[in-house]
Amino acid sequence: MLKAMTRATAALALLYGVRRYYRNWGTTKEECRLWLPGDELVRQPFVQSTEGVWIDAPPSAVWPWLNRIGGHRGDLTAGETVRLTSWPRRGEPSGASLSVEQVTEGRSLVLRGTPPGFPWHAVWSFDLEPRWEDRCRLLLRMRAQLKRPGDIFRTELAGPVTAFAVRQLLLDIKHQAENSVHAAELSSAM
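In structure tokens, the structure reads:
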């Protein structure tokens with residue numbers, strides 16, 4: 124009995140530590156506290172996470188790739204729907220639908236998810252922060268309001284998977300933007 128309680132306590136402590144890490148992956152405490160566009164749409168979130176990556180490209184090189192989120196082509200505008208693909212659930216189309224709420228050209232993109240296209244009320248805010256002339260930070264803030272007790276359990280279960288999927292999304296945008304800058308530099312050198 125004591126062994127089982129010790130193991131359970133150790134497992135909970137490990138999960139808590141891991142949760143604290145993946146909820147704010149790649150960001151500083153200051154970035155986690157920043158107000159970002161879209162924060163006003165979910166005023167008192169039950170869940171909030173902020174993730175970020177450094178990109179060796181100016182925001183102008185990142186923006187076109189951010190506009191392609193969910194397979195979209197061209198400039199996103201408020202009111203459009205973006206479909207993020209994932210593993211399909213039985214009887215449902217694959218992925219989640221979010222509507223474009225706010226667009227600040229070259230700077231921020233705010234997506235909102237609401238039932239039935241999204242499991243709960245949530246906001247995804249992408250923010251480009253220029254750093255010097257040739258670098259930037261891409262931050263993604265996710266805020267969600269949960270309505271039912273079961274949502275808490277689902278959110279905690281999905282947390283690590285969501286963190287890895289979001290991380291991959293940010294890294295894909297990073298690599299595409301950096302590759303386009305390097306290709307432009309090579310073609311201008313020839």
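Numbered per the working numbering, the sequence shown spans residues 124 to 313. Beta carbons: idealized from backbone N, C-alpha and C, even for Gly. Note that the structure is a prediction, hence the values are computed from the model and not measured.
*asked:* One question on the structure: do L263 and E153 come within less than 8 Å of each other, judged by their Cβ atoms?
replied: Counting from 1 along the sequence shown, the entry for residue 263 is found at position 140. Counting from 1 along the sequence shown, the entry for residue 153 is found at position 30. Contact annotation: L263 and E153 have beta-carbon atoms that are not nearer than 8 Å.
*According to DSSP, which residues form a beta bridge with K171?*
Counting from one through the sequence shown, the residue named residue 171 turns up at place 48. Reading off the sequence shown, one finds Gln at residue 171, where the question assumed Lys. The partner list for Q171 (beta bridge, DSSP) reads R266.
*Cα separation between I192 and T227?*
Within the sequence shown, residue 192 is the residue found at index 69, counting from 1. Within the sequence shown, residue 227 is the residue found at index 104, counting from 1. I192 and T227 have their C-alpha atoms spaced approximately 15 Å apart.
*For V165, name the three-state secondary structure that DSSP assigns.*
Along the sequence shown, one-based indexing puts residue 165 at 42. If DSSP states are grouped into helix, strand and coil, V165 belongs with coil.
*Taking just the CA atoms, how far does G197 sit from E215?*
The count along the sequence shown starts at 1 and reaches residue 215 at position 92. The count along the sequence shown starts at 1 and reaches residue 197 at position 74. Confidence is the limiting factor: at E215 the pLDDT is only 45, short of 50, which leaves the residue's position unreliable, though a coordinate-based value still follows. Put simply, the backbone Cα of E215 is about 27 Å away from that of G197.
*In DSSP terms, what H305 is bridged to*: Along the sequence shown, one-based indexing puts residue 305 at 182. Per DSSP, none; premise fails for H305.
_Give me the residue from T285, W243, L292 and P242 with the minimum Cα distance to L261._
For this step, residue 261 is matched to residue 138 along the sequence shown. Nearest of T285, W243, L292 and P242 to L261, Cα basis: L292.
*asked:* Counting beta carbon pairs with one atom in the stretch 271 to 287 and one in the stretch 159 to 166, are three or more of them shorter than 8 Å?
replied: They do not touch, by the three-pair rule.
*Return the Cβ separation of L221 and L207 in integer angstroms, given the expectation that the two are a contact with Cβ distance under 8 Å.*
Your numbering for residue 221 matches position 98 in the sequence shown. Your numbering for residue 207 matches position 84 in the sequence shown. About 7 Å; that satisfies the 8 Å criterion.
*Could you spell out the range, first to last residue, of the beta strand (DSSP E) harbouring W247?*
The residue given as residue 247 occupies position 124 in the sequence shown. H244 to R254 is the extent of the beta strand (DSSP E) around W247.
*By Cβ distance, which residues of its chain are closer than 7 Å to F241, with the 5 residues on each side in sequence left out?*
For the purposes of this step, residue 241 is taken as the residue at position 118 of the sequence shown. Only residues of its own chain outside the window of five on either side were considered, and among them A219, S220 and L221 have a CB closer than 7 Å to the CB of F241, listed in chain order.
_Give me, in chain order, the residues of the same chain whose beta-carbon lies closer than 7 Å to that of E252; leave out the 5 immediate sequence neighbours on both sides._
What you label residue 252 is simply residue 129 of the sequence shown in a count that begins at 1. Same-chain partners within the cutoff: C259, R260 and L262.
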